Amino acid sequence: MNASVYWRWRSFFPLRRLTSMETNRTTIPAAEEILGGYFPVLDHGFVALVDYMGSDQDVERAARVSYGYGTRRTSQTRGLIRYLRRHHHTTPSEMVGLKFHCVMPIFVARQWVRHRTASVNELSARYSLMPLLFYRPEGEQFALQSLANRQGRESGASREIYTEAVRRWEALRKDAGGTYSWMLEQDIARELARIDLPLSTYTQWYWKIDLHNLLHFLTLRVDPRAQWEIREFARVMAGMMKRVAPLTYEAWIDYDLCASAFTRVERTVLARLVELGPEELRARHDASLSRAELTELGMSGREIQELMEKLQEPQRPDFELDLSRMRSAEDVSREMEEAVPGTKFD
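The sequence shown begins at -17 in our numbering and counts up one residue at a time.
What follows is the structure in structure tokens.
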């Protein structure tokens, strides 16, 4: 690889921000602590918070259109932010932005890019060389196709099937990687050499998004119904968002992630239950009358199940980052560089 190509590729990994420079912009100590640090996801993936603009205080300032920064008590800021999220006033949170550097398998990237509310710049294999890093699911995540969900998995895959799947994956990737390396050695155009690399190949991009749309992305992608691999990336990003805007994070957990919307029929059911006294309600439950009455109101079996799930006590998720796992840009870039075909660097 010539030096110009190498440095174009290396530039994806920024140096840590100098801490000795003074600034008039909003800075958050908890966010500064992780800025430019890389948190591993899956076997070769990473997420880094490259930059951010704004904080919870900027959400409040946008909502009030005032210049009293630093004069408000935290309780006042928290109260307003919670009111905004509770009543779906989202434009003030669009005033805060976050920029990430993400390294993920191509099949995850193709799900990710469905969210069209961000700016994205992906590594181009037309002029950059692809690191030959491939995602391999661990045995705990290897599963059969769900019979109830066309987009889901269910347990039951034997160890023998997993072992054979790994053997076939490795054979395919060895052949694809070898073909890619051979084409590069023959000076075949990179845009042609790349075309048979599998979807398990790792790619990378810069991804910049405002806080409102990030919350929407996270709500969908940390959900248990999302594919496990993209959930792992979303969990790390949620932990990073928590450090940039902790009051918004708290309101998002309470009013979005752990909340549920009720349909008209569900509201009718709940209104009737509230009218009953505790003793009457207990007696009706013991008599197993509730499901029959729900059916009479027009609810299908699937709707009844969904209502029962909504009425369960929610489990508060924990997206706290493990700082002991944070790695430097230099370490991560070296790992990626060593996987580029035909290149070794000191």
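The beta-carbon is built from N, C-alpha and C at its ideal position, and this holds for glycine as well.
Being a predicted model, the structure only gives us computed values, none of them experimental.
Distance check for residue j and residue i, CA to CA, integer angstroms please.
i	j	result
T8	Q58	19 Å
Y20	A216	14 Å
R67	D304	27 Å
A253	R96	38 Å
R155	M112	13 Å
D40	V226	11 Å
L248	E312	It is Glu, not Leu, that sits at residue 248 in the sequence shown. Spanning the two alpha carbons is a distance of roughly 54 Å.
P11	P228	12 Å
R316	M281	57 Å
R307	P22	7 Å
R64	T201	17 Å
T5	A13	15 Å
H26	H83	14 Å
Y237	L197	11 Å
G18	E214	19 Å
E15	K224	13 Å
Q186	R309	17 Å
W94	L114	21 Å
R405	I177	Beyond the ends of the chain as shown, which are -17 and 328, falls residue 405; an answer cannot be given.
W164	M318	19 Å
A45	K81	23 Å
R149	E291	40 Å
Q294	E288	10 Å
G283	R55	49 Å
A107	G160	16 Å
Residue j and residue i - do their beta-carbons sit closer together than 7 Å?
i	j	result
A220	F301	yes
W189	A130	no
F28	V85	yes
V90	E211	yes
L193	S75	yes
F244	T183	no
M222	L31	yes
A158	L126	no
A171	Y162	no
T230	D38	yes
I88	L166	no
I286	L279	no
If you drop the 5 nearest sequence neighbours on each side, which residues of the same chain put their C-beta closer than 6 Å to that of residue i?
i	result
G324	none
E42	T59, L62
V314	Y20, F28
Can you pull the DSSP bridge partners for residue i?
i	result
L80	Y34, I191
N131	Beta-bridge pairing links N131 to no other residue.
V29	F21, C84
T185	M86
N103	Y188
L126	E136
R309	Y20
F116	T183
So the candidates are the options; which of them puts its Cα closest to the Cα of residue i?
i	options	result
F199	Q127, E285, V218	V218
A274	E167, V251, L293, E291	V251
R135	L181, R98, W234, Q209	Q209
Q123	T5, N6, A139	A139
A233	D33, H71, E288, L179	H71
Y109	M165, T277, E173, P119	E173
I143	V314, G121, I286, Q287	G121
N103	P206, Y237, E285, I191	I191
V47	L24, T73, R55	T73
R207	R149, W164, R132	R132
P296	R149, T145, D205	D205
Once you ignore the five residues that flank residue i on each side, which residues in its own chain have a CB closer than 7 Å to its CB?
i	result
G36	T8, M77, V78, G79
W151	R118
S128	G134, R135, E136
N195	T99, A100
R298	I235, C240
In chain order, what residues of the same chain lie with their CB nearer than 8 Å to the CB of residue i, ignoring the 5 residues before and after it?
i	result
A147	F124
R92	L181
S270	With a pLDDT of 39 at S270, under the threshold of 50, the modelled position of that residue is not reliable, and the figure given next carries that caveat. Once the five neighbours on either side are set aside, S270 has no close Cβ partner at all.
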